[in-house]
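2 protein chains.
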Amino acid sequence: MKSTQAAQRPSIVEIARHAGVSPSTVSRVFNDPDRVQEATRETVLRVCSEFGYRPNASARTLRTQRSQVLGVVLPTLENPVFSECLQGIASTTAPRGYAIMPVTTQYVVEAEGNAIEDLQAFGVDGLILVVSDAASSEALRRLKNRSIPYVLVYNRHDSHPCVSVAGDAAMHDVVFGLLERGHKRIAMVCGRLHASDRAQQRYAGFVEAMAHADLTPYPLIEVPFIETAIQEIAAVLQRNDHPTALVCSNDLIAIRAMRAARQSRLRVPEDVSITGFDGVKLGEDLTPQLSTVAQPNAEMGMSAARWLINSIAQQRVPNAADSISLPYRIRWAESCSQAPPVQ
Amino acid sequence: MKSTQAAQRPSIVEIARHAGVSPSTVSRVFNDPDRVQEATRETVLRVCSEFGYRPNASARTLRTQRSQVLGVVLPTLENPVFSECLQGIASTTAPRGYAIMPVTTQYVVEAEGNAIEDLQAFGVDGLILVVSDAASSEALRRLKNRSIPYVLVYNRHDSHPCVSVAGDAAMHDVVFGLLERGHKRIAMVCGRLHASDRAQQRYAGFVEAMAHADLTPYPLIEVPFIETAIQEIAAVLQRNDHPTALVCSNDLIAIRAMRAARQSRLRVPEDVSITGFDGVKLGEDLTPQLSTVAQPNAEMGMSAARWLINSIAQQRVPNAADSISLPYRIRWAESCSQAPPVQ
DNA sequence: CTGAAAGCGCTAACAC
DNA sequence: GTGTTAGCGCTTTCAG
């Protein structure tokens, strides 16, 4: 390593001096350009680009009390649902002059509270978050009592501003689509149910739909660890009376379910149909193409970011009553077909 | 929306007043706790937690000239390679008290320069970046002349500090593995070659290995747009003398190549073997499991973050000569097999 | 249309 | 071991 040179970024006073104006004028050039004479403005701008001047963000933040940074709290970037969503957030914040600060919680509830604290200490102007369970979140309860604007994504809860998709209704539709295709032996597969209110909600939709159709679902297949997920699912599929359809609480699990089926010498979809949930982009390129509840992941992020930024601009906090429910689309694809004839 | 309450965060002077000490003492409690008497420290800490005090980051940054924020510039979060890497970065920065600010460039070269400028204006202490082409990057050339520490990930170039993997050697090994399996008709598939020095490097390794084996490769299959990728690959596979092996410049393309093969009624791997590059986690759960050059994506991010943070701590900039080449591992999996017998 | 001056909240000499 | 003071770079009244 070589040691760093000085090469300090110039301050507003140096620019002012070189341009023969006062610091206030330079400041105005950036914040209220119309209020400075064109000639003056051009001189200042020239000097700025000459010195590569960019206003110092912390000084401005300190003065204005606005950082132009949004904090983002999400479980993990390893699930494409969340990286797609973060990409959506990034693409709407950047052109509006906001930066983002993501923090991942790895589905650990206490990490959520810490993330919020840390982000607030960093002075973010607002927060976009995906929590494990909005209803029981202590961190969220505290957040609600602060004045900092925030929006939840994916979670849905009456007392918080949310951008979400009706997971229960979607799952209901999935089950009915399967019923139409002649399936009766349907099982649901999910991760740790208590770790995600989305999964719970989807499960509720599943149970409700099955009851509605007077069908007894297989016992829920809970696969807490991805390492063993495939084996656990395969174990169920290898039983004689195995389900003819596996409804998964997310796409990642569905992909593993497909693998479990192949390992169990079952063809997808001829022997077993499989559905996912989330609509990650990759699902469309798989063979068989994954049937899933396609959520507009990027749009959810964009929508949350827009809402938050607008709220901040109006000095308000997003109101729970204005929560947004985005439409889902069920993508029936190659991983689903008619139920096989009864043996 | 309801309007925000005041509920201002307390400042250090209020805490000082309530604790009956001076602001400096409060400051010391946070920055040099040993230099303040235990009793005093405890009082201060009590008052702090009582008021929910956290030092204001912009004030501290302004004063110390260190923001504890790292900028991250990468092409997109939609490719799991980069989101896995970012997750790696996030997991090493967070416990060390650094926040990250990611910006995506969508593979647009000019966006890289802008991202760097913006991030510097936000006052980041250092930069981790993945650029399109390190050799030709004007933005990188400028960056090198500044005193801000930075590390490149995935890119490799002699005059920049890089954390990377030997893409050419890896590709060389892949080709040789294919040769050992009896393949002779081997084609490479890549995205826009000029948009990525990684792809170029991998292609170079491919060409070199083929030449070394006295084999004429198929013409490079360049698939500029993902929308048409599958059809373009299928077109090649439908020729009578189609390749028996498709070597892809990344995993996302390989997944599409698998789909193209199925659409062309070719079995993978019986009729055509397919390899990817990157080692995205999902590849292991596909059926057939994707053969690929597994890069330690998260570790690459971690390694870059550690290097950068250490450099910052020592008031130095990472030196190109200390660049790190991480080992790759070729994962031979179900998507590859012996070449089919000649017809 | 422009300048002077105060102060955002914090840290780091420097005193005591 | 603790307090006093100055100042980081900027914006924003308030004068002119």
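Residue numbers (the working numbering), protein chains in the order written: chain U, 3 to 345; chain F, 3 to 345.
Cβ coordinates follow ideal geometry from the N, Cα and C atoms, glycine included.
Owing to the predicted nature of the structure, the values given are computational and were not obtained by experimental measurement.
Taking all protein chains shown into account, do 16 or more other C-beta atoms lie within 10 angstroms of the C-beta of residue i, making it buried, or fewer, making it exposed?
i: Gly-54(F); result: exposed
i: Arg-62(U); result: buried
i: Gln-67(F); result: exposed
i: Glu-40(U); result: exposed
i: Asn-33(U); result: exposed
i: Ala-101(F); result: buried
i: Pro-2(U); result: Absent from the model: residue 2(U). The displayed extent of chain U is 3 to 345, so no value can be given.
i: Glu-114(U); result: buried
i: Ala-213(U); result: exposed
i: Thr-218(U); result: exposed
i: Arg-267(F); result: exposed
i: Asp-324(U); result: exposed
i: Gln-10(F); result: exposed
i: Ala-8(U); result: Residue confidence for Ala-8(U) is low, a pLDDT of 39 falling below 50, so the modelled location carries little weight and cannot support an answer.
i: Asp-216(F); result: exposed
i: Ser-339(F); result: buried
i: Tyr-330(F); result: buried
i: Lys-4(U); result: Only weak support exists for where Lys-4(U) lies, its pLDDT of 36 falling under 50; the value from the coordinates is given anyway. Answer is exposed; the Cβ neighbour count stays below 16.
i: Gln-233(U); result: exposed
i: Pro-320(U); result: buried
Helix, strand or coil for residue i? Go by DSSP, reduced to three states.
i: Ile-150(U); result: coil
i: Glu-224(U); result: strand
i: Ala-136(U); result: coil
i: Ser-93(U); result: helix
i: Lys-4(U); result: Note that Lys-4(U) scores 36 on pLDDT, short of 50, meaning its location in the model is unreliable and no value can be drawn from it.
i: Leu-1(F); result: Since the first residue shown for chain F is 3 and the last is 345, residue 1(F) is missing from the structure and cannot be characterised.
i: Ala-215(F); result: coil
i: Ala-335(F); result: coil
i: Ala-15(F); result: Here residue 15(F) turns out to be Val, not Ala, going by the sequence shown. Three-state result, Val-15(F): helix.
i: Val-319(U); result: strand
i: Ser-1(U); result: Since the first and last residues shown for chain U are 3 and 345, residue 1(U) lies out of range.
i: Val-38(U); result: coil
i: Val-165(U); result: strand
i: Val-282(F); result: coil
i: Asn-299(F); result: helix
i: Asp-243(U); result: coil
i: Asn-81(F); result: coil
i: Gln-340(U); result: coil
i: Gly-179(F); result: helix
i: Tyr-55(F); result: coil
i: Arg-143(F); result: helix
i: Leu-268(U); result: coil
In the DSSP assignment, what residue or residues form a beta bridge with residue i?
i: Asp-170(F); result: According to DSSP, which records beta bridges pairwise, Asp-170(F) is partnered with nothing at all.
i: Pro-104(F); result: Val-74(F)
i: Ile-311(U); result: None; Ile-311(U) has no bridge partner.
i: Phe-32(F); result: Answer by DSSP bridge pairing: none, since Phe-32(F) is not bridged.
i: Ser-293(F); result: Thr-277(F)
i: Ala-189(F); result: Leu-248(F)
i: Ile-130(F); result: Val-74(F) and Val-153(F)
Do the stretch 147-158 of chain U and the stretch 188-204 of chain U touch if we need at least three Cβ pairs shorter than 8 Å?
yes
Closer than 8 Å is the cut-off here; do at least three beta carbon pairs connect the stretch 161-176 of chain F with the stretch 126-146 of chain F?
Segments in contact, yes.
Whether or not the stretch 265-277 of chain F and the stretch 236-252 of chain U are in contact is what I'm after, with contact meaning three or more pairs of Cβ atoms, one per stretch, closer than 8 Å; do they touch?
Contact check between the stretch 236-252 of chain U and the stretch 265-277 of chain F: fewer than three CB pairs, one atom from each, fall below 8 Å, which does not count as touching.
Members of the stretch 27-38 of chain U near chain F, C-beta cut-off 9 Å:
none
Anything in the stretch 110-129 of chain U with a Cβ closer than 8 Å to a Cβ of chain F? List those residues in chain order, please.
Contacts with chain F (Cβ-Cβ distance below 8 Å) from the stretch 110-129 of chain U involve Glu-119, Asp-120, Leu-121, Gln-122, Ala-123, Phe-124 and Gly-125, listed in chain order.
The stretch 10-27 of chain F in contact with the stretch 330-338 of chain U per 3-pair CB rule at 8 Å:
no
In chain order, what residues of the stretch 262-287 of chain F put their CB closer than 7 Å to some CB of chain U?
Answer in chain order: Arg-264, Lys-283, Leu-284 and Asp-287.
Between the stretch 70-77 of chain F and the stretch 91-107 of chain F, are three or more C-beta pairs nearer than 8 Å?
yes
For the stretch 293-302 of chain U against the stretch 212-229 of chain U, are there 3 or more C-beta pairs whose distance is under 8 Å?
no
Taking beta-carbon pairs under 9 Å, can you tell me which members of the stretch 95-107 of chain U lie near chain F?
Ala-96, Gly-99, Ala-101, Ile-102, Met-103, Pro-104, Val-105 and Thr-106
When you check each C-beta in the stretch 60-78 of chain U against every C-beta of chain F, which residues fall closer than 7 Å?
Ser-60, Ala-61, Thr-63, Leu-64, Ser-69 and Thr-78
Check whether the stretch 312-319 of chain F and the stretch 109-123 of chain F are in contact - that is, three or more C-beta pairs closer than 8 Å.
no
At a CB distance below 9 Å, what residues from the stretch 184-196 of chain F approach chain U? Give them in sequence order.
none
Selection of the stretch 248-262 of chain F by Cβ proximity to chain U, strictly under 8 Å
Within the stretch 248-262 of chain F, the residues whose Cβ lies closer than 8 Å to some Cβ of chain U are Leu-254, Ile-257, Arg-258, Met-260 and Arg-261, listed in chain order.
If we count Cβ pairs, one from each stretch, closer than 8 Å, do we get three or more for the stretch 146-154 of chain F versus the stretch 80-97 of chain U?
no
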